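Participant:
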Amino acid sequence: MAIEHDFFGLLESGPDGSIFWSENVEFGDQSVTVDLTAPDQDDVSVEALDVAASMVSSLEAIDLAARNAMVNELDDRTSEVTEYILQQQATFGEEIEDLLTDVTGDTHIDVIKALQLMSMTILADEHGGADPFAVLEYALDPDATDDVLLVNLASDGRVQSVTSAD
């Protein structure tokens, strides 16, 4: 079986009934990998695909909301965003400035601005549920694949949480 959608095209299911779609989307001056997945195509509605297409199309606004959520986490010294930034400062030391796009003197904000959006994974079967519908993966150093922040989004685009990968 397969599902056809105006944005995603023909989504064919694998032998186990799962669906997967992947594309590199140009975003600013970088390319972001966008994956759409579901373990069972029967759990994916056309509405879920419409919401997913809307998210991919509005990646810039979603990225801004995710970064604002990270900034909001800075008030909490024990937040995963704060811990991530402190870890990056410890790892790179003075050389962290080489990774920053803008050096304003507020290193925490500068790091959040410099984070690269590496990927967006859409869990199409989670539409309307309590679990994340989309997960954005950010990294300061694109080569450090384990050193990332994950921003979990509900299907309405609301940021549910910001976590680190570990």
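Just so you know, the sequence shown maps onto residues 1 to 166 in this note's numbering.
Heads up, the beta-carbon is just placed ideally off N, CA and C, and yes, glycines get one too.
Just so we're clear, the structure is a prediction, and the values are computed from it rather than from any experiment.
(1) Alpha carbon to alpha carbon, how far is isoleucine 19 from glutamine 41?
(2) Grouping DSSP H, G and I as helix and E and B as strand, with all else coil, what is alanine 130?
(3) Considering only the beta carbon of each residue, do valine 51 and methionine 120 sit closer than 7 angstroms?
(4) Let me know if serine 54 comes out buried or exposed under the rule of 16 or more other beta-carbons within 10 Å of its beta-carbon.
(5) Three-state secondary structure (DSSP) at alanine 2?
(6) Count the other C-beta atoms from every protein chain shown that fall within 10 angstroms of the C-beta of arginine 67, then say buried if there are 16 or more, exposed otherwise.
(7) Between alanine 48 and leucine 36, what straight-line distance do the alpha-carbon atoms span, to the nearest angstrom?
(8) Which stretch, first to last residue, makes up the alpha helix (DSSP H) that contains threonine 107?
Facilitator: In brief:
(1) If you number the sequence shown from 1, residue 19 lands on position 19. If you number the sequence shown from 1, residue 41 lands on position 41. Answer to the nearest angstrom: the Cα atoms are 6 angstroms apart.
(2) In the sequence shown, counting from the first residue as 1, residue 130 sits at position 130. In the structure shown, alanine 130 adopts coil according to DSSP, grouped into three states.
(3) Working through the sequence shown from its first residue, we reach residue 51 at position 51. Working through the sequence shown from its first residue, we reach residue 120 at position 120. In this structure, methionine 120 does not lie closer than 7 angstroms to valine 51 by Cβ.
(4) The residue given as residue 54 occupies position 54 in the sequence shown. With a 10 Å radius around the Cβ and a threshold of 16 neighbouring Cβ atoms, serine 54 comes out exposed.
(5) In the sequence shown, the residue the question calls residue 2 occupies position 2. Strand, per DSSP.
(6) Here residue 67 refers to the residue found at position 67 when the sequence shown is read from its first residue. It is buried - the Cβ of arginine 67 has at least 16 other Cβ atoms within 10 Å.
(7) The sequence position of residue 48 within the sequence shown is 48, counting from 1. The sequence position of residue 36 within the sequence shown is 36, counting from 1. Approximately 11 angstroms, taken between the alpha carbons.
(8) Within the sequence shown, numbered from 1, the residue matching residue 107 stands at position 107. Taken as a continuous stretch (DSSP letters only), the alpha helix (DSSP H) holding threonine 107 covers 107–114.
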